[in-house]
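Only one structure is covered here, and it is reproduced in the block below.
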Amino acid sequence: MKKIYTTLIASLLLVTNYATDIYVNNSGQPGTYTTIAAAISAASSGDRIFISPYGVYTENLTVDKSITIASAVSGTNFNVLGSFSVTANAGMDVRIIGGIFSSTLNATTNTATQNNMTDIYAIDSDFASVSLNDNFVRAHILFCSDNLGSVEIQNGEVIGCLIDGSVTVRDGPNTVTGDTVKIIGNI
């Protein structure tokens, strides 16, 4: 009987929910997507989406789950003619690495709260503007150096960026203690 329980527990431990790597390109290979929106729709929380930098994607993207979207080629950015919107749910973690967007990065609070914020990372990515000044969104704008437009945030940080516009810090929802914003080493 002990052997049956041990086998059952070992089997259950093997059935875990691992993150999936999803690929976007125009190769037509099975298991790849031709649009970023289709890949986002197919993704589960925790998945990573790798985007081919060879070509331009014309899409307005909306994310409502924790995912990472990154260039499939290190050091080469992917290009999107369109915007990137985040529906901020409690505890979400959205990462955008190596993207160039012709429009805005913005967020709207959904189920995120003061104690369970959404973290949005834009790393080595550029947007016409960044508007992450919604309640309960923590912005991490890091090393965006080509042509980052104006930035508006309530919580978070802007570090090591070349900013083509202004940086505006909005008052957050917390009236008891101050919201934390770090603006470090930008041009």
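Throughout the sequence shown, residue numbering follows the numbering used here, covering 13 to 199 in sequence. All residues carry an ideal CB built from backbone N, CA and C; glycine is no exception.
Beta-carbon contacts of residue i that lie in its chain and below 6 angstroms, excluding the five residues immediately before and after
i: I112; result: N89, N91, D138
i: Y133; result: R107, H152
i: M129; result: F148, R150
Residue from the options whose Cα sits closest to the Cα of residue i
i: N72; options: S57, I48, Y66; result: I48
i: L174; options: S64, T44, F155, G43; result: F155
i: L144; options: N159, T120, L160, Q126; result: T120
i: I81; options: T125, I52, N101, A100; result: I52
i: S97; options: V149, F62, L160; result: V149
i: N167; options: V193, T130, D176; result: V193
Distance, residue j Cα to residue i Cα
i: G58; j: V181; result: 30 angstroms
i: S78; j: I199; result: 30 angstroms
i: G103; j: D146; result: 15 angstroms
i: N38; j: I195; result: 39 angstroms
i: N127; j: V75; result: 21 angstroms
i: D183; j: N122; result: 19 angstroms
i: G110; j: N118; result: 17 angstroms
i: D105; j: S64; result: 22 angstroms
i: D33; j: D131; result: 21 angstroms
i: I165; j: I171; result: 13 angstroms
i: A55; j: G197; result: 35 angstroms
Short Cβ contact (8 angstroms threshold) for residue i with residue j
i: Y217; j: V36; result: A question about residue 217 goes unanswered here, because the residues of the chain that appear run from 13 up to 199.
i: S114; j: G87; result: no
i: T116; j: S141; result: yes
i: L160; j: D176; result: yes
Contacting residues, own chain, Cβ-Cβ under 7 angstroms from residue i (five flanking each side not counted)
i: S178; result: S162
i: T250; result: The structure shown does not extend to residue 250, since the chain is modelled only from 13 to 199, so the question has no answer here.
i: P42; result: none
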